[in-house]
Amino acid sequence: MKILITGIAGFVGSRLAEYLTHHLEGVSIVGIDNLSRRGSETNIPFLRELGCQFVHGDIRMAEDVMELPNVDWVLDCAAIPTVMAGLQGGTSQLISNNLNGTLHLLEKCRNDNAGFTILSTSRVYSINDLVALPLQETPSRLSPQIQEGQVPQGFSERGISETFPTTAPVSLYGATKLASEVMALEYATTFGFPVWVNRCGVIAGPGQFGKIDQGIFSFWIYQWLLGKPLAYIGFGGAGKQVRDFLSPQDLGRLVVKQIQKPDHKVSKVINAGGGNSSAMSLYELSQFCKEYISPDKTLSSDPVTRPFDIPYYVTDNSLAQKYWDWTPEVKGEDVLKSILEWAVQNRKIIEKGF
122 MKILITGIAG FVGSRLAEYL THHLEGVSIV GIDNLSRRGS ETNIPFLREL GCQFVHGDIR
182 MAEDVMELPN VDWVLDCAAI PTVMAGLQGG TSQLISNNLN GTLHLLEKCR NDNAGFTILS
242 TSRVYSINDL VALPLQETPS RLSPQIQEGQ VPQGFSERGI SETFPTTAPV SLYGATKLAS
302 EVMALEYATT FGFPVWVNRC GVIAGPGQFG KIDQGIFSFW IYQWLLGKPL AYIGFGGAGK
362 QVRDFLSPQD LGRLVVKQIQ KPDHKVSKVI NAGGGNSSAM SLYELSQFCK EYISPDKTLS
422 SDPVTRPFDI PYYVTDNSLA QKYWDWTPEV KGEDVLKSIL EWAVQNRKII EKGF
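With this note's numbering applied, the sequence shown covers 122 to 475.
Here it is, written out as structure tokens:
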């Protein structure tokens, strides 16, 4: 089987390439990346050692996509993955990359009669509804406050499910991914090739060049290790906002299951996140850093919430468990420890990036 991975030089794309190489017998991988992401070029030697064919190209350009070799499956990992995208301009680039690029890939799937998996995002869910979730404040985090008869659609103590509203606003980023989902499903129906849509939460692991608005867990650990300033931003400035996170290895397990069962008669759209077992607030992440890096750090506080930020997101993976017999296996603390171990071993690399 020949698989095309877009955004292959990025953190997620390169780690999925590694996982698929080791867990799909007879697989051959070709990847395309425009290398626009800081640090992505450092993954090229790693990809070549895996035996992947690397193409320096841009999925925004239809001709770049159509010049790629015929494949059996396309795994779309390329995106501008932040809700802050487009706020200061650059909306055309955001739309061109996240939506038009996906359309070019869907055309390739139609021409090659290939399957398609898109890594979508939890940020397709309504911001207003997420902000309005019934939450209670504990000493270290915000947590669900479920009252009988007053439970919002798609919300439970397990987290956010696929039935949660996707009504606007979802951010420009969320809108491009939601539109990509719709087009992928329409192509699947119209042209008869298999499509899977995975709505991913935060993905985290060693080697990730995180930023404040994307890859927060690695960003926080690197900043702490390097002695750089950190701040609790928004929601009162206490650091109690919560996210879960998923390892690329666990995501890879799901992707392999989906590729191996292209005709599986189940929902084409599922959530894929770390769930309650990895959910953590920034305050709790700081406690990890105090224990394993340094207890002596002062954090600043800004109570003003940024546009499109949300207080709580934890993935309800119930459908993935039901349809794919899939739940995350890598423990959240092990993911954080692996990020820290990589950072210590590669301190010079992260110093250049930060």
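C-beta atoms are modelled at their ideal positions from N, C-alpha and C, and glycine is treated no differently.
Next item on the list: Inspect the CB distances between the segment 372–382 and the segment 302–313 and report whether three or more fall short of 8 angstroms.
Entry: no
Next item on the list: Please classify Asn438: is it buried, with 16 or more other beta-carbons within 10 angstroms of its beta-carbon, or exposed?
Entry: buried
Check: What does a CB cutoff of less than 8 angstroms around Asp423 pick up in its chain, not counting 5 residues either side in sequence?
Finding: Ala352, Tyr353, Ile354, Gly355, Gly358
Item checked: Start-to-end residues for the alpha helix (DSSP H) that takes in Gly474 -> 468–474
Item checked: Contact check, Ala206 vs Ile180, beta carbons under 8 angstroms -> no
Check: Where does Asn155 fall in DSSP's three states?
Finding: coil
Margin query: Can you list, in chain order, the residues of its chain with a C-beta nearer than 8 angstroms to that of Thr284? Leave out the 5 residues immediately preceding and following it.
Written below: Gln274, Gly275
Item checked: Exposed unless 16 or more other CB atoms sit within 10 angstroms - verdict on Arg169 -> exposed
Check: Going along the chain, which residues of its own chain have a beta-carbon closer than 6 angstroms to the beta-carbon of Arg427, five neighbours each way excluded?
Finding: Gly355
Margin query: Which residues does DSSP list as the beta-bridge partners of Ile150?
Written below: Ile124
Check: With DSSP run on the structure shown, which of helix, strand or coil describes Thr436?
Finding: strand
Notebook entry, point to check: At which residues does the alpha helix (DSSP H) containing Arg320 begin and terminate?
Noted result: Element bounds for Arg320: not the alpha helix (DSSP H) but the beta strand (DSSP E), 316–321.
Check: Whole beta strand (DSSP E) runs in the segment 169–206 with 3 or more residues, listed along the chain?
Finding: 174–177, 194–197
Item checked: Residue range of the unbroken alpha helix (DSSP H) whose run includes Thr311 -> 292–312
Notebook entry, point to check: What is the residue span of the beta strand (DSSP E) that Leu263 lies within?
Noted result: 263–265
Notebook entry, point to check: Three-state secondary structure (DSSP) at Thr238?
Noted result: strand
Notebook entry, point to check: Is it a yes or a no for the segment 361–375 touching the segment 431–450, going by three-plus beta-carbon pairs under 8 angstroms?
Noted result: yes
Next item on the list: Report the option in Arg279, Val318, Tyr308, Gly280 whose CA atom is closest to the CA atom of Lys95.
Entry: Since the first and last residues shown for the chain are 122 and 475, residue 95 lies out of range.
Note to self: Distance check for Ile267 and Lys229, CA to CA, integer angstroms please.
What the structure shows: 45 angstroms
Checklist line | Identity of the residue in Glu269, Tyr294, Thr163 nearest Leu208 by Cα | finding: Tyr294
Next item on the list: If I'm right that Thr242 touches Arg320 with Cβ under 8 angstroms, what's the distance once you round it to whole angstroms?
Entry: 6 angstroms
Checklist line | Environment of Lys361 [buried if 16+ CB atoms lie within 10 Å] | finding: buried
Next item on the list: Measure the CB-CB distance between Ile342 and Leu461 and report whether it falls below 8 angstroms.
Entry: yes
Notebook entry, point to check: Whose C-beta lies closer than 6 angstroms to the C-beta of Pro327 among residues of the same chain, with five residues either side of it excluded?
Noted result: Ser459, Ile460, Trp463
Check: Exposed or buried, which one is Gly134 when buried takes at least 16 other CB atoms within 10 Å?
Finding: buried
Item checked: Candidates Glu472, Asp371, Pro255, Leu256, of which the one nearest Tyr140 by Cα -> Asp371
Item checked: Own chain residues within Cβ distance below 6 angstroms of Ser368, not counting five before or after -> Gly326, Val451, Val456
Margin query: Going by C-alpha to C-alpha distance, which of Gly131, Thr203, Ile201, Ser213 sits closest to Phe175?
Written below: Gly131
Item checked: Reference Met304; option with closest CA among Gly336, Ser339, Gln257, Leu220 -> Leu220
Note to self: On the DSSP letters alone, give me the boundaries of the beta strand (DSSP E) that Asn392 sits inside.
What the structure shows: 390–393
Checklist line | Presumed contact (8 angstroms Cβ cut-off) between Arg262 and Val363, rounded CB distance | finding: 5 angstroms
Checklist line | Gly322 to Val435 span [Cα, whole Å] | finding: 8 angstroms
Item checked: Straight-line Cα distance separating Arg231 from Thr259 -> 51 angstroms
Check: Cα-Cα, which of Tyr308, Val252, Ile281, Arg244 is closest to Ser292?
Finding: Arg244
Next item on the list: Find out if the Cβ-Cβ distance for the pair Met122, Gly147 is shorter than 8 angstroms.
Entry: yes
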